[in-house]
Amino acid sequence: MAAKPPSTIMLTVTLLLMCTGFATSATRCPDCGTTEVPYPLSTGPSCGDQSYKVRCQTGTGSLFFDTPNNTYPITSISQTTQRLVIQPSNFLNNNTCVTADVSYQGLQLNQTLPFNITSGNTIMYLNCSESLLKSPLNCTSTSLCHSYINNSVEASSCSRAPICCTFRSGGSTTQYSIRVRNGGCQAYRSFPNLDYSLPVSRWPAPGVEIQWMSPPEPLCSNQTDCDASSTCLLSSTGGVRRCLCNTGLHWDAIEGVCALDDTCENRGDCSDSNRTALIAGLTSGLGSALVAAVIGFLLYKRHRRHKEALARLAREREEILNSGGGKTAKIFSIHLFLLKQL
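Each step along the sequence shown adds one to the number in this note's numbering, with nothing skipped, and position 201 is 185.
Written as structure tokens, this is what we have:
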């Protein structure tokens, strides 16, 4: 049976790696109603990463984000940016400028979990006491929160509480809370990625954008917990066993899989600039080798002619010695002169 050509073998290996590299290394949770639940978010003990729990209300097909003391509906999820948006608490009623989570001191995330409030939120504190005027927040009469109060039906009751403040979340520190309380500010509203040039009527619905940290490889007890693309080994961090990706693969935390390393061979685009560079290098190397070979050949021929001339002169000298000189000696002298010219 004829052996497979190298190109066929390489193609077969690449295809096998591609099949292996994109095998699921982690279990994604089923959709919640019509909402996709991307990895690492987890709605149950047998899917996702258990540090990234969200709750699916099966009766309504709605997703919720639970905090230590409250729960908030999830309105959108972006797997690529690893972010989700939750709906903040409503006002207690239409006649008060107090949000329903004031008894829990507002939105309070669990700081031991891999979630935090992003820097893309414009947060407005409403119904604030005079003590906030000494804070670094923008509590002036021109603060953006006044535009919201004066042009929003939802926040119209806050017009009777003249002090409000606006700030952009995040900054130099990681934020885990939007705090409201009696004696401070009793209500808040948040708008992710707000375009300040738009009128209030064109603002998006209130929301708080939360991001999650990239998850590590899945935990494992033995190899049966991992798929063919990974091996259950002791992790270098945390002292626990995880499904670590095999050689030639890397952990894709967004997709939750062991993916092929990003090389031109795996991408199949070596035919462009990489191939041009390869051809140029080979051409240069072959050219140098050819020049060296020609020079070596010429030197060899010259050396060979020199050896042949020496051998011929040796024979002629022997003939001269045997003949006793004369005309032959003159011929030998001429050949000796020619030898010196070589």
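Note that beta-carbon positions come from the ideal geometry of N, C-alpha and C, so glycine has one too.
Going by DSSP, Y132 is part of the alpha helix (DSSP H) stretching over L128 to N135. Beta-bridge pairing by DSSP links V278 to no other residue. No residue range can be given for Q71, since it is assigned to no beta strand (DSSP E) and is classified by DSSP as neither H nor E.
In the three-state scheme derived from DSSP, where H, G and I count as helix and E and B as strand, E138 is classed as coil. Taking C-beta separations shorter than 8 Å and ignoring five residues to either side along the sequence, the partners of V224 in its chain run L203 and L218, following chain order.
The beta carbon of L97 sits closer than 7 Å to the beta carbons of S35 from its chain, once the five residues preceding and following it are set aside; these are given in chain order. About 4 Å separates the beta carbons of I101 and Q159, which is inside the 8 Å limit, making them a contact pair. Under the DSSP assignment, Q170 falls in the beta strand (DSSP E) whose first and last residues are C169 to P176. As DSSP reads the structure, V192 sits in a beta bridge with I70. By alpha-carbon distance to R144, the top candidate from N177, P190, N78 and F151 is N78. The C-alpha of C227 lies about 60 Å from the C-alpha of F281.
Rounded to whole angstroms, the separation of the alpha carbons of L121 and C149 is 6 Å. Between P190 and S174, the C-beta spacing is below 8 Å.
Counting only the Cα atoms, L233 lies some 9 Å from D246. I70 places its beta carbon 8 Å or farther from that of F99. Sequence-distant partners of N54 (beyond 5 residues in either direction) whose C-beta falls short of 6 Å from its own C-beta, in its chain, are D85 and Y88.
Apart from sequence neighbours up to five positions away, the residues of its chain that approach P22 with a beta-carbon distance below 6 Å are Q63, ordered along the chain.
Residues of the same chain with a CB within less than 6 Å of the CB of L274, apart from the 5 flanking positions on each side, do not exist. Secondary structure at Y23: coil, using DSSP grouped into helix, strand and coil. Residue ranges of uninterrupted beta strand (DSSP E) with 3 or more members, entirely inside the stretch 215 to 243 and ordered along the chain, are 225 to 229 and 233 to 236. For S205 and C216, the gap between their C-alpha atoms comes out near 7 Å. The Cβ-Cβ distance between Y172 and G104 does not fall below 8 Å. In the structure shown, R152 adopts extended strand secondary structure according to DSSP, grouped into three states. Going by C-alpha positions, H130 is about 18 Å away from K118. Secondary-structure assignment with DSSP links N105 through a beta bridge to P176. Contact check for L47 against C16 passes: the beta carbons are separated by less than 8 Å. DSSP places T80 in the coil class of the three-state scheme, outside both helix and strand. For the pair G43 and T18, the CB atoms are not nearer than the 8 Å cut-off.
Under the three-state reduction of DSSP output, Y284 falls in the helix class.
Annotation: the continuous beta strand (DSSP E) that includes P57 extends over T55 to S62.
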